[in-house]
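So for the sequence shown, our numbering puts the first residue at 577; every next one is plus one.
First the structure, in the form of structure tokens, and then the observations on it.
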Amino acid sequence: MNQKTLFQRIESSVFGGDAAGAGRLADEALRGGADPLFILEKGFTKALRMVGDRWEEGEMFLPEMILAAEAVKEALRVRRPRLADSAVREGVAGATCVLGSVRGDIHDIGKNIVGTMLEAFGFRIIDLGTDVDASRFVSAVGETGAGLLGMSALLTSTMPEMGTVVRALEEAGLRRRVRIAIGGAPTTPRFAEEIGADGHADDGGAALRLFQGLAQEPPIPSAARLSRSEARHAD
Ligand code: B1M
Numbered sequence: 577m578n579q580k581t582l583f584q585r586i587e588s589s590v591f592g593g594d595a596a597g598a599g600r601l602a603d604e605a606l607r608g609g610a611d612p613l614f615i616l617e618k619g620f621t622k623a624l625r626m627v628g629d630r631w632e633e634g635e636m637f638l639p640e641m642i643l644a645a646e647a648v649k650e651a652l653r654v655r656r657p658r659l660a661d662s663a664v665r666e667g668v669a670g671a672t673c674v675l676g677s678v679r680g681d682i683h684d685i686g687k688n689i690v691g692t693m694l695e696a697f698g699f700r701i702i703d704l705g706t707d708v709d710a711s712r713f714v715s716a717v718g719e720t721g722a723g724l725l726g727m728s729a730l731l732t733s734t735m736p737e738m739g740t741v742v743r744a745l746e747e748a749g750l751r752r753r754v755r756i757a758i759g760g761a762p763t764t765p766r767f768a769e770e771i772g773a774d775g776h777a778d779d780g781g782a783a784l785r786l787f788q789g790l791a792q793e794p795p796i797p798s799a800a801r802l803s804r805s806e807a808r809h810a811d
């Protein structure tokens, strides 16, 4: 099957909420030697975003969007082991990353793609799931000693929660121990900067490169970033 036909069939499986069909297509593409991340990002994810646009325009209903999401999840499930197989580990083995979708947000497909990519490249992932409040992020970073934290938000209404988490880490005296990256459709590099995060990524590949870079940075950020309480801890 050529790429155009494959992408057309992927699109119909997602629009039709056909999880079994999406899984079969993912499997077929894998056996045909397709790059797992390319098919995921340019095929399944693209189709799901189109479903979102149709829903926003009132041309599709919420249950259809839910079924479309389930179809993409099935394709991700099929591809997950293959993403791991194709990974080239690049000196970050053992770097621990706490990951979660922020409070009020149940979107998790993008977060799961990022988690799968990171895991495939040797990171240890502690996935807190969805609707994670600031105190759970703080406890997880404190208890596991993770040096990396990744947050995902898909709603403009849940984005501010990312800033709440950064502040909660500062108040707990943990901010200087952890590098923070954010992502999700409405987020931007500028927003990351505004809330005091260390980076932003647009997709799975960019997230991988970002976390690889952050994992190799020295663990203690500049004094300028320390909150007053952290500065006291550092003295
Ligand atoms: Co929702 N939804 N949804 N939804 N949904 C959006 C986000 C929306 C843009 C649709 C639209 O209007 N066009 C809109 C938000 C509008 C806004 O805030 N401005 C919206 C809405 C309004 C809602 C509800 C409020 C609808 C309702 O109930 N009335 C509701 C909210 C629920 C909640 O969270 N409290 C809701 C519910 C749902 C479903 C349950 C039906 C389902 C989610 C299923 C699930 O995730 N398990 C769903 C879906 C599927 C979507 C769309 C269609 C697709 C999202 C997705 O999975 N994309 C979405 C439309 C869109 O995004 N254009 C939409 C594919 C995924 C691979 O991409 O998540 O962007 P993405 O992840 C990317 C990058 O962003 C990045 O890498 C990923 C891989 O490329 N990335 C990171 C993500 N996280 C990262 C973290 C990083 C780094 C990179 O570092 C840590």
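Using N, Cα and C, we set each Cβ at its ideal position, and we do this for glycine too.
With contacts defined by Cβ atoms closer than 7 Å, Lys687 and Ser715 do not form a contacting pair. By the C-beta density criterion, Glu769 is exposed, having fewer than 16 other C-beta atoms within 10 angstroms. DSSP, reduced to helix, strand and coil, places Ser733 outside both helices and strands of the structure shown, so it counts as coil. It is roughly 13 Å from the alpha-carbon of Gly705 to the alpha-carbon of Thr692. One Cα belongs to Phe614, the other to Glu635, and the distance between them is close to 28 Å.
The secondary-structure analysis by DSSP pairs Val708 across a beta bridge with Val678.
As the crow flies, the alpha-carbon of Ala777 is around 19 Å from that of Phe620. Exclusion of the five residues before and after Gly775 leaves Ala757, Ala768, Leu786 and Leu790 as the residues of its chain whose Cβ lies within less than 7 Å of its Cβ. With fewer than three CB-CB distances shorter than 8 Å, the stretch 692 to 701 does not count as touching the stretch 620 to 632. In this structure, Val717 lies away from Val678, with their beta-carbon atoms at least 7 Å apart. In this structure, DSSP gives Leu725 an extended state, which the three-state scheme calls strand.
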